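Note sheet for the following structure.
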Amino acid sequence: MSGRPDAAAGALEQRLASRDLTLDLARVACVLLVVVIHLLFVGVGRAADGSLVIERTVEAQPWFAGATWIGDIMPLFFVVGGFAAMAGWQSLERRGGDANAFVRTRLARLARPALPLFVFLAVALAAAWAVGADPVLVDTVAIGIGSPLWFLAAYVLVQALAPPMIRLHRLAPTETMLALAVAVIAVDATRLLSGVELLGLPNVVLVWVAVQQVGFWMHDGWFRARSPWTLGLIVVVGFVSLYTVVPLAGYSWSMLSNQYPPTLPMLVLGVVQAGLLTLLHRPLSALMRTKAARGVVWFAGSRLMTIYLWHLPVIMILVGVQLLLPIPLPEPGAAAWWLTRIPVFLLVLLVVWLLSLWLVRYERSPAHLVDPVHPGMGVTSAAVVLFAVAPFLIMVFGLDAPLALLGVVGTTLAIWMIRGRRASLVAP
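Numbering-wise, the numbering used here comes out as the position in the sequence shown, counting from 1, plus 2.
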């Protein structure tokens with residue numbers, strides 16, 4: 003009996019040794035930084051005369067646009083996702099799996115955690131309408147809460163395209179990346195010259211697929227094979243090219259604005275951030291050899307989608323509680339307001355952790371995905387579209403009650419469609 007814990011610990015260490023834990027650290031850091039950024043956006047407080055102030059505080063700072071060149075880490079999330087997709091695909095290939103199994107697994111990992119959120123949003127927005135809440139205030143809060151949901155549509159689509167994109171990468175990595183870059187530039191040019199923002203929507207797929215390809219290159223070892231000086235040069239050239247192209251092409255100086263719809267700067271940032279992550283690989287690896295860092299990354303990583311999906315609803319709920327209680331609220335942007343961001347951040351994480359005690363079950367791989375009988379690729383593809391349609395429309399039009407309900411229906415159908423069945427339940 004005494005040997006079992008040691009054997010389990012040894013097996014865990016072996017599994018950890020086979021992973022690049024710096025990528026797990028990067029994924030967790032990305033999500034936590036998203037929480038920080040959204041917390042700084044939500045400026046609710048009292049002015050000097052006691053009146054209510056609601057603003058996007060950090061966006062009004064003179065340094066905000068420049069800070070987004072460093073703080074916008076969403077491209078890195080897709081780079082790391084590309085690395086994980088390549089690793090997962092190779093593992094699946096060795097076990098005799100196929101694209102259908104890959105896509106079903108990726109879809110389930112996004113759809114299952116999203117379902118409780120869509121249910122909550124649909125009920126909350128319907129209740130707000132039923133009690134006659136101020137529609138302008140409801141729309142403001144709903145659009146803010148719905149703003150991160152674009153990620154669900156973009157990520158599930160690029161992950162669903164990973165198997166064919168991996169094949170193209172293996173056949174012609176450089177040509178594939180160049181073709182994607184040209185397509186991204188063509189869409190950007192069409193949007194910028196016409197002034198019609200909706201013409202940029204194809205880049206929701208093209209840009210993030212291209213950034214995902216960068217993750218394939220990272221998995222292949224292309225970045226690791228470069229010297230530190232070369233990696234530093236990649237970073238410098240990337241930022242210089244952005245500084246040159248942004249004003250010439252008419253892109254926004256804020257990289258966050260370049261996410262909606264995504265533009266060429268996101269692809270450039272993806273390459274820069276891949277270079278930076280590789281450049282920092284040695285110190286980050288040393289950090290991840292400590293038990294404390296591994297514990298934090300494992301704990302947050304096991305409920306990462308819960309943190310991402312629920313942090314904004316929690317922030318809004320806490321703001322509402324503050325407004326209802328006789329608690330003094332500092333004016334947004336004042337020194338006291340900035341100082342309170344740290345305890346508020348910790349409070350948000352505490353509340354999300356309490357929610358995760360129940361919600362974390364939705365992040366675990368469901369048993370039905372490994373059942374012997376599965377739907378065909380056509381059904382799986384339809385499930386991907388059904389899941390993606392609501393967050394895609396929320397990205398375009400903003401969150402409201404009908405779109406939240408559409409999210410409930412589409413997500414439920416997607417999960418049901420990719421279920422497996424036991425062989426014994428299938429008629430001979």
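Every residue, glycine too, gets a C-beta built ideally from N, C-alpha and C.
These figures come from a predicted structure and were not determined experimentally.
Where does residue i land, buried or exposed, given buried means 16+ other C-beta within 10 angstroms?
{"i": "Gly297", "result": "exposed"}
{"i": "Pro264", "result": "buried"}
{"i": "Trp91", "result": "buried"}
{"i": "Thr176", "result": "exposed"}
{"i": "Asp402", "result": "buried"}
{"i": "Gly252", "result": "exposed"}
{"i": "Ile344", "result": "exposed"}
{"i": "Leu352", "result": "exposed"}
{"i": "Asp51", "result": "exposed"}
{"i": "Leu328", "result": "Going by the sequence as given, residue 328 is Pro instead of Leu. Exposed, since its Cβ has fewer than 16 Cβ neighbours within 10 Å."}
{"i": "Gly412", "result": "buried"}
{"i": "Trp418", "result": "exposed"}
Output the boundary residues of the beta strand (DSSP E) element that contains residue i.
{"i": "Leu54", "result": "54–58"}
Select from the options the residue whose C-alpha is nearest the C-alpha of residue i.
{"i": "Val274", "options": "Thr232, Gly252, Trp255", "result": "Thr232"}
{"i": "Val410", "options": "Gly322, Trp224, Ala385, Leu117", "result": "Leu117"}
{"i": "Leu54", "options": "Val316, Leu195, Pro334, Ala392", "result": "Pro334"}
{"i": "Ile317", "options": "Leu27, Thr24, Gly45", "result": "Gly45"}
{"i": "Leu269", "options": "Ala103, Val247, Ala392", "result": "Val247"}
{"i": "Leu35", "options": "Ser304, Ala67, Phe79", "result": "Phe79"}
{"i": "Ala144", "options": "Tyr245, Leu163, Ala124", "result": "Ala124"}
{"i": "Val238", "options": "Val60, Gly277, Pro64", "result": "Gly277"}
{"i": "Leu405", "options": "Glu61, Phe120, Leu94", "result": "Phe120"}
{"i": "His40", "options": "Gly73, Trp210, Gly84, Leu27", "result": "Gly73"}
{"i": "Pro377", "options": "Arg106, Val242, Gly84, Pro267", "result": "Arg106"}
{"i": "Pro315", "options": "Val82, Leu151, Thr178", "result": "Leu151"}
{"i": "Ser229", "options": "Gly400, Val158, Arg284, Pro328", "result": "Arg284"}
{"i": "Leu201", "options": "Val186, Glu95, Ala103", "result": "Val186"}
For the alpha helix (DSSP H) that contains residue i, what are its first and last residues?
{"i": "Ala106", "result": "In the sequence on display, residue 106 carries Arg and not Ala. Segment 101–132, the alpha helix (DSSP H) holding Arg106."}
{"i": "Val206", "result": "205–222"}
{"i": "Pro77", "result": "76–96"}
{"i": "Phe66", "result": "66–73"}
Which one or two residues does DSSP pair with residue i in a beta bridge?
{"i": "Gln261", "result": "Pro264"}
{"i": "Arg172", "result": "Per DSSP, none; premise fails for Arg172."}
{"i": "Gly45", "result": "Glu57"}
Are the C-beta of residue i and some C-beta of chain D separated by less than 9 Å?
{"i": "Ala227", "result": "No chain D appears in this structure, which consists of one protein chain only."}
Quick one: which unbroken beta strand (DSSP E) runs of 3-plus residues sit fully inside the region 356–406? Chain order, please.
none
Contiguous alpha helix (DSSP H) assignments of at least 4 residues, all confined to the region 131–164
137–148, 152–162
Report the start-end ranges of each alpha helix (DSSP H) in the region 229–306 that is 4 residues or longer and not cut off at the edges.
230–251, 266–281, 283–290, 293–303
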